[in-house]
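In the numbering used here, the protein residues as written are 488 to 735.
Written below as structure tokens is the structure these notes are about.
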Amino acid sequence: MSTYQRFAYVYDQMGSDEFSIKMYRYTQKILNRLRYHPKSVADLACGTGTAALLWAKNNIEVFGLDNSAHMLDMARKKAKKDRLKIDFSQQSLTSFTLPQQVDLATCYFDSLNYLLTLEEVTECFKSAHRALYPNGYFIFDVNTPEAMKVLWGSQVYADETDDMAWIWKNCYYPKIKQAEVRATFFVRKGKMWERFDEIHAERGYTATEMKKALAAANFKIVNMYDCLRFVKPDRQTLRLAVVARKIK
Ligand SMILES: C[S@@+](CC[C@H](N)C(=O)[O-])C[C@H]1O[C@@H](n2cnc3c(N)ncnc32)[C@H](O)[C@@H]1O
Numbered sequence: 488m489s490t491y492q493r494f495a496y497v498y499d500q501m502g503s504d505e506f507s508i509k510m511y512r513y514t515q516k517i518l519n520r521l522r523y524h525p526k527s528v529a530d531l532a533c534g535t536g537t538a539a540l541l542w543a544k545n546n547i548e549v550f551g552l553d554n555s556a557h558m559l560d561m562a563r564k565k566a567k568k569d570r571l572k573i574d575f576s577q578q579s580l581t582s583f584t585l586p587q588q589v590d591l592a593t594c595y596f597d598s599l600n601y602l603l604t605l606e607e608v609t610e611c612f613k614s615a616h617r618a619l620y621p622n623g624y625f626i627f628d629v630n631t632p633e634a635m636k637v638l639w640g641s642q643v644y645a646d647e648t649d650d651m652a653w654i655w656k657n658c659y660y661p662k663i664k665q666a667e668v669r670a671t672f673f674v675r676k677g678k679m680w681e682r683f684d685e686i687h688a689e690r691g692y693t694a695t696e697m698k699k700a701l702a703a704a705n706f707k708i709v710n711m712y713d714c715l716r717f718v719k720p721d722r723q724t725l726r727l728a729v730v731a732r733k734i735k
């Protein structure tokens, strides 16, 4: 079952865009600490384009890529509404190219966890390396295996608004560090309700695995944090924030 199809059109409505706003603000703080002011950004797995729009509103040249045509459709509609020029393209994280190099690459909100092997993550990092100017930064977040265990174990999350309801049934498979979410959505259509389902799989990655994959792609790790804070990650960390720099 493919993901981010019908879900794309209710993603923002469900508040799923809020995390990328937080990551955008956190990235600004990281960049201020580094005294690095990018003029061009590539947002990898840009989804509905929330972060891409924020960069573009700051007069930064933006490229957004994602493999979901539906998420990109939403992103393009949002950019058109705000009269922003953003280069969105349908590409895979593992083998993307850009028309030009950029100063900063970002990848937010579990997107890397959708790559289910460390080899695929390494391919993504190699593509990001090619996309960056020398000394360019790559800033991303990634869920750890601890997050998969704690947040994605055998649990059910549900919520509703006037026009929507959703149920997420999670299951974690520790041997392969993978979690599966069976998501069911109900969306009001006049007097009727439409139901649709998606199955999402994510894999958790450790700090050690991220170091290995970044080194293989010629990135130097500048900092690794417990995400959205400025403290070092530890065994309880659920989400890593990684700041890496292209070294050659
Ligand atoms: C949780 S969403 C995050 C979207 C956006 N970054 C945000 O912060 O709202 C994960 C995104 O990753 C994209 N994605 C998953 N696997 C991908 C792949 N192999 N190549 C490109 N995009 C991928 C999905 O289509 C989806 O838009």
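Ideal placement from N, C-alpha and C gives every residue a C-beta, glycine not left out.
Problem - Which of helix, strand or coil DSSP assigns to residue 593 - result: Reduced to three states, the DSSP call for residue 593 is strand.
Problem - Under 5 angstroms, CB to nearest heavy atom of ligand 1: contacting residues - result: That gives 491, 507, 532, 534, 553, 554, 555, 558, 579, 580, 595, 596, 597, 598, 601.
Exercise for the section: Would you mind giving the Cβ-Cβ distance between residue 734 and residue 707, rounded to the nearest angstrom? I have them listed as a contact below 8 angstroms. Expected result: Right, the Cβ-Cβ distance comes to about 5 angstroms (below 8 angstroms), so this counts as a contact.
Exercise for the section: Report yes if the CB atom of residue 495 is closer than 8 angstroms to the CB atom of residue 537, and no otherwise. Expected result: In terms of Cβ geometry, residue 495 and residue 537 do not form a close pair [threshold 8 angstroms].
Problem - Proximity to residue 648 [Cα-Cα], best of 626, 625, 673 - result: Across the set 626, 625, 673, the C-alpha of 673 shows the shortest separation from the C-alpha of residue 648.
Exercise for the section: Say whether the region 626-640 touches the region 598-606, bearing in mind that this needs 3 or more beta-carbon pairs closer than 8 angstroms, one atom from each stretch. Expected result: As far as the Cβ criterion goes, the region 626-640 touches the region 598-606, which means the pair count is three or higher.
Problem - Per-residue burial, residue 680 [other beta carbons within 10 Å of its own, 16 or more giving buried] - result: By the neighbour-count rule (16 or more Cβ atoms within 10 Å), residue 680 is not buried but exposed.
Exercise for the section: Identify whether residue 611 lies in helix, strand or coil by the three-state DSSP scheme. Expected result: Residue 611: helix per DSSP, three-state reduction.
Exercise for the section: Examine the Cβ distances between the region 609-625 and the region 636-651 and report whether three or more of them are shorter than 8 angstroms. Expected result: When C-beta atoms of the region 609-625 are compared with those of the region 636-651, fewer than three pairs fall below 8 angstroms, so the two segments do not count as touching.
Exercise for the section: Rank 533, 637, 545, 704 by C-alpha distance to the C-alpha of residue 555 and give the top, closest one. Expected result: Considering only 533, 637, 545, 704, the residue with the shortest C-alpha distance to residue 555 is 533.
Handout entry: Neighbour-count burial assignment, residue 578, 16 or more Cβ in a 10 Å radius
Key = Buried is the label assigned to residue 578, since at least 16 other Cβ atoms lie within 10 Å of its Cβ.
Exercise for the section: Tell me, please, which residues DSSP counts as bridged to residue 714. Expected result: For residue 714, DSSP assigns no beta-bridge partner whatsoever.
Exercise for the section: Work out the CA separation of residue 677 and residue 723 for me, nearest whole Å. Expected result: Rounded to whole angstroms, residue 723 to residue 677 spans 45 angstroms at the Cα level.
Exercise for the section: Might you give, ordered along the chain, the residues of its own chain that have their beta carbon closer than 8 angstroms to the beta carbon of residue 509, omitting 5 neighbours on each side? Expected result: Take residue 509, set aside five residues on each side of it, and the residues of its chain with a beta-carbon closer than 8 angstroms to its own are 715, in chain order.
Exercise for the section: Tell me, to the nearest whole angstrom, how far the beta carbon of residue 619 is from that of residue 589; I am working on the premise that it is less than 8 angstroms. Expected result: About 6 angstroms separates the beta carbons of residue 619 and residue 589, which is inside the 8 angstroms limit, making them a contact pair.
Problem - residue 697 vs residue 718 beta-carbon contact at 8 angstroms - result: Their beta carbons are not under 8 angstroms apart, which means residue 697 does not touch residue 718 by this criterion.
Handout entry: Between the CA atoms of residue 544 and residue 576 - distance to the nearest angstrom
Key = Roughly 19 angstroms separates the two Cα atoms.
Practice task
Please state whether DSSP places residue 632 in a helix, a strand or coil.
Solution key: Looking at residue 632 - three-state DSSP - the assignment turns out to be helix.
Exercise for the section: Measure the CB-CB distance between residue 667 and residue 634 and report whether it falls below 8 angstroms. Expected result: The criterion of a C-beta distance shorter than 8 angstroms is not satisfied by residue 667 and residue 634.
Practice task
Could you tell me whether the Cβ atoms of residue 516 and residue 540 are closer together than 8 angstroms?
Solution key: Not a contact, by the Cβ cut-off of 8 angstroms.
Problem - Same chain, Cβ closer than 7 angstroms to residue 664, neighbours up to 5 away in sequence not counted - result: Closer than 7 angstroms at Cβ, skipping near neighbours: 632, 635, 690, 691.
Practice task
Count the other C-beta atoms from every protein chain shown that fall within 10 angstroms of the C-beta of residue 502, then say buried if there are 16 or more, exposed otherwise.
Solution key: That one is exposed.
Practice task
Scan the region 542-586 and note each continuous alpha helix (DSSP H) run of 4 residues or more that stays entirely inside, going in chain order.
Solution key: The region 542-586 contains these whole alpha helix (DSSP H) runs: 556-568.
Handout entry: Span separating the alpha-carbon of residue 658 from that of residue 643
Key = Cα to Cα, the separation comes out at about 9 angstroms.
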